[in-house]
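A.B. asks: Handing you a structure now.
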Amino acid sequence: MHYATIKWTDIANGEGVRISLFVSGCTHHCKNCFNQVAWDFHYGSAFDEEIQEKILKELKSDYLAGISLLGGEPLEPQNQEALYPFIKKVKQQFPEKTIWCYTGFVLDEMSGDLVEKHKNTQYTKALLSMFDVLVDGPYVEELKDIRLKFRGSSNQRVIDVKKTLHAGKCVLYLE
Ligand code: SF4
Numbered sequence: 013m014h015y016a017t018i019k020w021t022d023i024a025n026g027e028g029v030r031i032s033l034f035v036s037g038c039t040h041h042c043k044n045c046f047n048q049v050a051w052d053f054h055y056g057s058a059f060d061e062e063i064q065e066k067i068l069k070e071l072k073s074d075y076l077a078g079i080s081l082l083g084g085e086p087l088e089p090q091n092q093e094a095l096y097p098f099i100k101k102v103k104q105q106f107p108e109k110t111i112w113c114y115t116g117f118v119l120d121e122m123s124g125d126l127v128e129k130h131k132n133t134q135y136t137k138a139l140l141s142m143f144d145v146l147v148d149g150p151y152v153e154e155l156k157d158i159r160l161k162f163r164g165s166s167n168q169r170v171i172d173v174k175k176t177l178h179a180g181k182c183v184l185y186l187e
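Here it is as structure tokens:
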């Protein structure tokens, strides 16, 4: 996997001060996407051991509330495979920190997979279950609303993943 950029002290993409990892590769191609350069799966730098260790080291800082995954599309199948072992390490080393993920796919709250069935992999369920918050759905220009917190268009949901998977129905983290 490649990543487009990393923001080390981001306050715009989740609660608190967070590390935001913008991965490369996205097949949604939403109209007026904010980050079109990251549609290319080979854009940016390799998400290798060195950068993963740097993120894990930085996360030790008390002022960081956690990590946010954005894109590009973190849940494209090949990105799921790369993110799964890394997120597992984040979870093991920092159980008190939160993990947010932004995806253009839609969560099927009943199955705990993605509605877009062909995008589910052997990692999808396990990866989703490690997230605290999932902001799901594509960016829809016609539904853009700048008053919305942590999302761009009103079709997108800010989901409390753990409560949702437990209940088998969507529980929003933020209205
Ligand atoms: S899902 Fe995100 S990165 Fe992908 S095209 Fe839509 S807005 Fe852009």
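Under this note's numbering, residues 13 to 187 are what the sequence shown spells out, in order. Glycine included, C-beta positions come from ideal geometry on N, C-alpha and C.
(1) When DSSP labels each residue in this structure, what does residue 21 get in the three-state scheme?
(2) Given a cut-off of 8 Å, decide if residue 47 and residue 84 are closer than it, judged by their beta-carbon atoms.
(3) Just confirm the distance between the C-beta atoms of residue 68 and residue 35, as a whole number of angstroms; I'd bet it's less than 8 Å.
(4) With three or more C-beta pairs closer than 8 Å as the rule, is the stretch 111 to 130 touching the stretch 142 to 150?
(5) Which stretch, first to last residue, makes up the alpha helix (DSSP H) that contains residue 139?
(6) Comparing the CB of residue 24 with every heavy atom of ligand 1, is any distance shorter than 7 Å?
(7) When we look at the beta-carbon of residue 179 and count the other beta-carbons within 10 Å, is it buried (16 or more) or exposed?
(8) For the 8 Å Cβ check, are there 3 or more pairs between the stretch 74 to 81 and the stretch 19 to 34?
(9) Pull the bridge partners of residue 110 from the DSSP assignment, please.
(10) Which of the three DSSP states is assigned to residue 54 in this structure?
(11) Cβ of residue 50 versus every heavy atom of ligand 1: is any distance shorter than 7 Å?
(12) Do residue 181 and residue 88 count as a contact pair if the criterion is CB distance below 8 Å?
(13) Measuring CB to CB, does residue 15 end up less than 8 Å from residue 33?
(14) For ligand 1, I want to know if residue 124 counts as a neighbour, meaning its beta carbon is within less than 7 Å of at least one of the ligand's heavy atoms.
(15) Which term fits residue 91, buried or exposed, when burial requires 16 or more other beta carbons within 10 angstroms of its beta carbon?
C.D. replies: Checking against the coordinates, here is how it stands:
(1) strand
(2) yes
(3) Contact flag wrong, Cβ pair sits at about 16 Å.
(4) yes
(5) 136 to 142
(6) no
(7) exposed
(8) yes
(9) 78
(10) coil
(11) yes
(12) no
(13) yes
(14) no
(15) buried
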